[in-house]
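*Asks:* Protein chains in written order, with full-length UniProt numbering: chain A, 1 to 128; chain B, 1 to 128.
Let me begin by handing over the structure; questions about it come next.
Protein chains: 2
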Amino acid sequence: MHAFDVLGDPVRRRVLELLADGERSAGEVTAVVREEFGISQPAVSQHLRVLRENGFARVRADGARRLYAVEPAPLQDVDRWLERFRGTWDRHLDALATELARGKRERRLREERPPGTGPVDPPEEERP
Amino acid sequence: MHAFDVLGDPVRRRVLELLADGERSAGEVTAVVREEFGISQPAVSQHLRVLRENGFARVRADGARRLYAVEPAPLQDVDRWLERFRGTWDRHLDALATELARGKRERRLREERPPGTGPVDPPEEERP
DNA sequence: CCCTTATATGAGTCAATGCTTATGCGCTAT
DNA sequence: ATAGCGCATAAGCATTGACTCATATAAGGG
């Protein structure tokens with residue numbers, strides 16, 4: 001199962017959020033998720049299994065309890081995959097920042113730049 | 001459809017990779033994906049639709065061709081969701097280089113805002 | 001105009017996945 | 001020992017979603 005398939009499920013994302021602050025027992029996780037999603041204990045257990053088997057979580061025994069914690073490797077994989085798109089939104093952010101800065105400057109110094117010299121609007125989204 | 005569901009499909013991930021370098025026509029994308037995954041033209045078109053309808057791609061007409069490009073917003077959402085786990089792998093000291101690179105980029109983008117002054121992440125939310 | 005090219009849509013099928021109920025199995029405590 | 005808790009697994013069912021083939025639409029070139 002690919003990392004993105006694992007993260008595709010809202011319950012599993014919520015479980016990871018709960019584990020982000022540190023170890024939690026299966027019971028604690030189950031209580032929260034049962035409450036929020038209205039699903040059964042076995043359902044949560046099955047999600048925990050998916051997280052385990054795909055390397056998103058490790059588990060350790062504490063008496064009869066199972067303590068789960070985040071295992072970061074696959075999340076890092078996702079992060080690295082996103083790497084190639086950061087350029088895409090950096091460009092957008094830079095453009096936005098430039099636009100905002102220009103607007104602010106123009107509001108303060110009305111006459112500094114004549115109209116028609118700014119960047120053109122990016123193409124609008126289109127419905128074919 | 002949640003961003004992670006969209007990214008759960010390997011064909012759609014591949015399409016986004018192809019678009020990461022800039023605009024490409026539906027035909028170009030289809031040719032590559034057909035070759036690599038052995039699926040039909042309509043199948044690729046349906047994936048393009050999913051990307052469009054979920055805000056991952058924008059399309060613009062060029063005669064009979066459709067030129068697709070990445071729309072970064074939902075990828076940024078994913079990136080922000082990952083944010084809370086970066087601490088987890090910092091503790092593991094696994095991705096020092098990645099983190100340093102990111103830190104440098106963020107310092108460049110936030111030169112005028114000192115760290116620790118931004119809002120904290122809200123709980124996971126859906127984008128309609 | 002007709003034919004071809006480029007892309008999108010519709011209907012139908014099939015497999016994957018997430019849920020439920022029922023049950024198993026190891027700890028813990030009485 | 002035995003009952004009860006905590007958690008996992010099994011089996012069955014329903015839904016979702018990705019594919020195929022067939023077809024629609026629209027632009028461009030003779």
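Ideal Cβ positions, reconstructed from N, Cα and C, are used throughout, including at glycine.
#1: For Val-70 of chain B, which residues does DSSP report across the bridge?
#2: Roughly how many angstroms lie between the CA atoms of Arg-80 of chain B and Glu-83 of chain A, to the nearest whole one?
#3: May I ask you to report which of helix, strand or coil DSSP gives Asp-5 of chain A?
#4: For my contact list, Ser-25 of chain A and Arg-58 of chain A are in at a C-beta cut-off of 8 Å; report their separation, rounded to the angstrom.
#5: By the three-class DSSP mapping on this structure, what secondary structure does Arg-12 of chain A have?
#6: Check each candidate in A:Ala-31, A:Phe-85, A:Gln-76 and A:Val-78 and name the one with the smallest Cα separation from Val-11 of chain A.
#7: Helix, strand or coil for Ala-95 of chain B? Go by DSSP, reduced to three states.
#8: Thr-88 of chain B: which of A:Phe-4, A:Thr-88 and A:Gln-76 sits nearest, CA to CA?
#9: Give the secondary structure of Asp-62 of chain B by DSSP, where H, G and I count as helix, E and B as strand, and everything else as coil.
#10: Using a threshold of 8 Å, state whether the C-beta atoms of Ala-20 of chain A and Phe-85 of chain B are closer than that.
#11: Please confirm if Leu-7 of chain B has its CB atom under 8 Å from at least one CB of chain A.
#12: Using the Cα positions of Gln-41 of chain A and Arg-34 of chain A, report the straight-line distance between them to the nearest angstrom.
#13: Taking 8 Å as the threshold (beta carbon to beta carbon), is Ala-20 of chain B in contact with chain A?
#14: Using a threshold of 8 Å, state whether the C-beta atoms of Glu-17 of chain A and Ala-69 of chain A are closer than that.
*Replies:* Working from what's here:
#1: B:Ala-57
#2: 13 Å
#3: helix
#4: The pair is not a contact, with the Cβ atoms about 14 Å apart (cut-off 8 Å).
#5: helix
#6: A:Ala-31
#7: Any reading at Ala-95 of chain B is ruled out, since the residue's pLDDT is 49, under 50, leaving its predicted position unreliable.
#8: A:Gln-76
#9: strand
#10: yes
#11: yes
#12: 7 Å
#13: yes
#14: no
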